[in-house]
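Take a look at the structure set out below.
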Amino acid sequence: MDGDDRLYDRTPGVEDEEPTANFLSYTTGFGLAVLLTIASFVVAQTDLLWAPGVAVGLVVLAFAQIGVHLVFFLHIGTGPDHTNNIVALAFGLLIVLLVIGGSCWIIANLNANMMPM
Amino acid sequence: MTIGTIEAVGPELVRGRGGGGPASTRTVVAYGFWIFILSDITMFSALFAAYAVLSGRTAGGPTAGELINLSHVFLETMCLLVSSYTCGLGALSAERRQRDRFLAFAALTFMLGAAFLFIEIWDFAAMVRMGAGPSRSAFLSAFFALVGMHGAHVTSGLVWLVYMAAQAAAKGLRPRVLRRLLCFSLFWHALDIVWVGVLTLVYLIGAR
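So, in structure tokens, the structure goes:
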């Protein structure tokens with residue numbers, strides 16, 4: 001079974017590389033995640049960003065953080081042996097965006113059409 | 118390799134598309150658990166949507182900005198992040214069959230997860246004592262549902278981790294135990310991803 005691993009589907013959460021590269025990937029991911037977390041707190045608590053843009057900045061940092069987690073901790077890559085994992089992830093993402101975006105859209109519309117109290 | 122299709126179309130085209138025969142049990146187990154994680158995140162998206170819609174409905178009660186203590190939240194975030202790192206290193210030790218190192222990293226992961234839960238429950242108790250419990254307003258119902266659901270997941274992760282450490286100690290790091298361990302680390306890292314969403318939407322944007 002271990003003859004040519006790359007011919008098989010890749011497992012989510014596992015990097016079939018050198019063990020040292022694996023340690024390196026966790027450490028790189030951890031470093032990036034700490035930097036992004038500190039950046040989020042700095043952006044939220046200082047006037048570094050233009051005030052109305054802070055929420056957008058935080059969302060961008062959150063997406064970067066999620067990307068770091070997916071790549072360095074969950075080892076989701078772009079190779080052909082990752083196709084199944086990526087397709088499942090893309091579908092999950094679609095549902096998440098539909099549920100959150102759709103709810104916000106509909107409720108904002110209902111609120112706008114409420115009679116003034 | 119003896120399979121004809123690989124010579125016919127080249128290894129690049131069959132990689133990840135069934136080339137080389139059926140996938141290993143490990144791949145199938147982890148893929149199934151990956152689907153579970155994605156459905157769990159879809160469940161969380163409903164709670165996120167409820168919070169996003171209700172975050173302004175305070176019914177005259179306290180707002181997010183008045184309740185949130187960002188220094189506690191920073192500690193919680195760091196606990197989860199470091200525990201994700203130690204969980205990864207523990208999984209690495211387990212793959213190399215280093216049982217004692219794995220148990221040490223598992224203990225570290227458990228303590229960091231427990232510290233996260235301790236801070237969270239401490240803050241929840243303080244909020245309930247000052248009359249800002251889940252029944253106070255729609256905002257607080259959505260807050261406790263979302264953050265509490267994440268906390269419940271962390272709690273079940275801690276129970277699972279104890280169970281995995283006991284299996285590693287009693288049965289050794291045999292393939293079946295390693296597959297369960299792989300599912301656990303996927304679960305633990307996914308909880309950190311959900312926390313990034315909670316941190317950004319509830320705490321950092323909410324506290325402004």
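Residue numbers (our numbering), protein chains in the order written: chain X, 1 to 117; chain V, 118 to 325. Backbone N, C-alpha and C fix where the C-beta goes; we use that ideal spot for every residue, glycine too.
Proximal residues of chain X, C-beta to C-beta of residue i below 7 Å
i	result
His306/V	His69, Phe73, Leu74
Phe165/V	Ile100
Ser201/V	Phe73
Asp309/V	His69
Phe111/V	Because residue 111/V is not part of the residues shown, which for chain V are 118 to 325, the question remains open.
Arg291/V	Within 7 Å Cβ-Cβ: nothing; Arg291/V doesn't reach chain X, min ~16 Å.
Nearest to residue i (by Cα), restricted to the options the options
i	options	result
Ser254/V	Thr142/V, Gly178/V, Ser156/V, Ala169/V	Gly178/V
His69/X	Leu198/V, Leu295/V, Phe227/V	Leu198/V
Leu229/V	Asn186/V, Arg297/V, Leu275/V, Gly314/V	Leu275/V
Ser252/V	Arg174/V, Thr203/V, Ala147/V	Arg174/V
Ala163/V	Arg293/V, Ala181/V, Ala287/V, Met266/V	Met266/V
Ala167/V	Ala112/X, Trp105/X, Asn113/X	Trp105/X
Tyr26/X	Gly268/V, Gly323/V, Tyr202/V	Tyr202/V
Gly272/V	Thr194/V, Arg213/V, Leu234/V	Reading off the sequence shown, one finds Thr at residue 272/V, where the question assumed Gly. Of the candidates Thr194/V, Arg213/V, Leu234/V, the one whose C-alpha sits nearest the C-alpha of Thr272/V is Leu234/V.
Phe153/V	Ala169/V, Leu303/V, Cys204/V, Glu193/V	Leu303/V
Ile38/X	Leu192/V, Cys204/V, Ala140/V, Ser141/V	Leu192/V
Ala211/V	Ile322/V, Arg297/V, Arg325/V, Gly323/V	Arg297/V
Gly326/V	Asn186/V, Ala259/V, Cys300/V	Chain V is shown from 118 up to 325; residue 326/V falls before or after that span and cannot be answered.
Val190/V	Met160/V, Ala285/V, Val264/V, Arg291/V	Val264/V
Leu321/V	Gly57/X, Leu98/X, Ile100/X	Gly57/X
Val313/V	Thr194/V, Trp151/V, Asp157/V	Thr194/V
Gly67/X	Val96/X, Ala112/X, Leu36/X	Leu36/X
Val319/V	Gln215/V, Ala221/V, Thr180/V	Thr180/V
Leu257/V	Phe150/V, Phe241/V, Tyr148/V, Ala147/V	Phe241/V
Leu184/V	Thr159/V, Val146/V, Arg246/V, Val279/V	Arg246/V
Val315/V	Asn22/X, Pro12/X, Ser40/X	Ser40/X
Arg213/V	Phe227/V, Glu237/V, Arg291/V	Arg291/V
Ala82/V	Ile238/V, Val294/V, Val311/V	In the structure as shown, chain V starts at 118 and stops at 325, and residue 82/V therefore has no counterpart that could be examined.
Ala221/V	Thr142/V, Val279/V, Ala324/V	Val279/V
Asn22/X	Ala208/V, Gly289/V, Gly250/V	Ala208/V
Cross-chain neighbours of residue i in chain V, by beta carbon under 7 Å
i	result
Asn22/X	Leu209
Leu89/X	Leu155
Val96/X	Ile158, Thr159, Ser162
First and last residue of the uninterrupted alpha helix (DSSP H) at residue i
i	result
Ala249/V	Taken as a continuous stretch (DSSP letters only), Ala249/V belongs to no alpha helix (DSSP H), as it is neither H nor E.
Val96/X	83 to 112
Gln65/X	54 to 68
Trp151/V	142 to 171
Leu298/V	292 to 315
Thr194/V	187 to 212
Leu184/V	181 to 184
Per-residue contacts from residue i into chain V (C-beta, under 9 Å)
i	result
Pro116/X	Residues of chain V passing the Cβ test: none, with the nearest at roughly 16 Å.
Gly77/X	Those do not exist, as Gly77/X stays about 11 Å from chain V at its closest Cβ, beyond 9 Å.
Neighbouring residues, chain X, relative to residue i (Cβ below 9 Å)
i	result
Ile322/V	Ala44, Val54, Ala55, Leu58, Val59
Ala169/V	Ile100, Ser103, Cys104, Ile107
Within chain V, partners of residue i - CB distance below 8 Å
i	result
Asn85/X	Tyr148, Trp151
Contact set between residue i and chain X, taken where Cβ atoms lie within less than 8 Å
i	result
Val313/V	Ala62, Gln65, Ile66, His69
Thr194/V	Thr37
Leu198/V	Phe30, Ala33, Val34, Thr37
Leu206/V	Phe23, Tyr26
Arg253/V	Those do not exist, as Arg253/V stays about 20 Å from chain X at its closest Cβ, beyond 8 Å.
Members of the stretch 25 to 37 of chain X near chain V, C-beta cut-off 7 Å:
Tyr26, Phe30, Ala33, Val34, Thr37
Interface positions of the stretch 171 to 186 of chain V facing chain X (Cβ-Cβ less than 8 Å), listed along the chain:
none
Please list the residues of the stretch 44 to 67 of chain X that have a C-beta atom closer than 8 Å to any C-beta atom in chain V, keeping them in chain order.
Ala44, Gln45, Val54, Ala55, Leu58, Val59, Leu61, Ala62, Gln65, Ile66
Chain-ordered residues of the stretch 222 to 246 of chain V with a beta carbon less than 7 Å from chain X:
none
Determine which residues of the stretch 257 to 283 of chain V have a Cβ less than 8 Å from any Cβ of chain X, and write them out in chain order.
none
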